[in-house]
Amino acid sequence: MLAASSCGTAAAEPALPDLDKFTAVDPAPYQTYGRGTIALMFATPDGLICGFGSARDMHGDPDAPQAAGCTGRFPGPSRTAPPHADGLCASDEVGDEGGLIYYITLGASNGPCDEGPGVIKPLGVGQKIAQGNITCVVAAGEVTACFDTRVRQRHGFILQPSGNLGF
2 MLAASSCGTA
12 AAEPALPDLD
22 KFTAVDPAPY
32 QTYGRGTIAL
42 MFATPDGLIC
52 GFGSARDMHG
62 DPDAPQAAGC
72 TGRFPGPSRT
82 APPHADGLCA
92 SDEVGDEGGL
102 IYYITLGASN
112 GPCDEGPGVI
122 KPLGVGQKIA
132 QGNITCVVAA
142 GEVTACFDTR
152 VRQRHGFILQ
162 PSGNLGF
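Mapped onto my numbering, the consecutive letters of the sequence shown carry residue numbers 2 to 168.
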């Protein structure tokens with residue numbers, strides 16, 4: 002990574018999408034297997050790759066972390082350069098870094114640019130995927146959000162053109 006800026010700090014919980022207005026999908030077709038774990042992975046219509054750990058890996062512990070996250074070129078006012086400016090590719094990330102608060106890192110790398118989600122199953126606008134403590138949604142207008150209800154609190158992130166937020 003050549004450049005990065007962190008822009009996720011603990012903040013008051015933002016206005017959240019009404020999860021009841023999204024259509025649930027069967028999580029089974031989104032499962033991927035690797036390194037001894039199961040993850041649920043999805044691609045968004047705007048080219049992000051997102052995922053989280055399977056509830057099977059929680060071993061009955063309702064507070065076990067599932068590590069939701071996304072990578073790709075995030076929307077938002079802080080992103081002003083085109084995706085391939087000066088030979089660099091956007092490589093933004095969001096995740097919980099092992100804690101409860103989610104952090105967003107905007108960055109660029111000089112590695113190969115990923116031009117699309119490839120074989121990752123898409124999650125469409127108006128859909129949600131949920132398992133264990135994690136629910137992720139894709140809303141109209143390049144909005145992707147994941148919510149983590151570990152320890153009976155709500156944490157997560159919202160990626161949207163008006164601004165990205167980890168909480």
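Using N, Cα and C, we set each Cβ at its ideal position, and we do this for glycine too.
These numbers were taken from a predicted model, which means no experiment stands behind them.
With 16 or more neighbouring CB atoms inside 10 Å of its own CB, Q132 falls in the buried class.
For E94, the closest alpha carbon among the candidates I159, T45, C71 and V126 is that of C71. Assignment of A25 by DSSP, reduced to helix, strand and coil, places it in the strand class. By the Cβ-count criterion, Q154 is exposed, with fewer than 16 other Cβ atoms from all chains shown falling within 10 Å of its own Cβ.
By the beta-carbon neighbour count (other beta carbons within 10 angstroms, threshold 16), G37 is exposed. Cβ neighbours of N165 within its own chain (closer than 6 Å, five residues either side excluded): F75, G77 and I105.
Contact between D64 and R151 holds, since their C-beta atoms are separated by about 5 Å, short of 8 Å. For the options G48, P30 and P46, the alpha carbon positioned closest to that of S55 is the one of P30.
Looking from the CA of P46, the closest CA among G167, V144, G108 and L17 belongs to V144. One alpha carbon belongs to V126, the other to L17, and they sit about 16 Å apart.
Under DSSP, G70 shares a beta bridge with G52. Excluding the 5 residues flanking it on each side, L20 has same chain C-beta neighbours closer than 7 Å at K129, T136 and V138, in chain order. Of the residues assessed, D62 falls on the exposed side of the cut-off, its CB having fewer than 16 other CB atoms within 10 angstroms. The residue among A146, S92 and Q161 with its C-alpha nearest the C-alpha of F43 is A146. If you draw a straight line from the Cα of R57 to the Cα of I102, it comes to about 23 Å.
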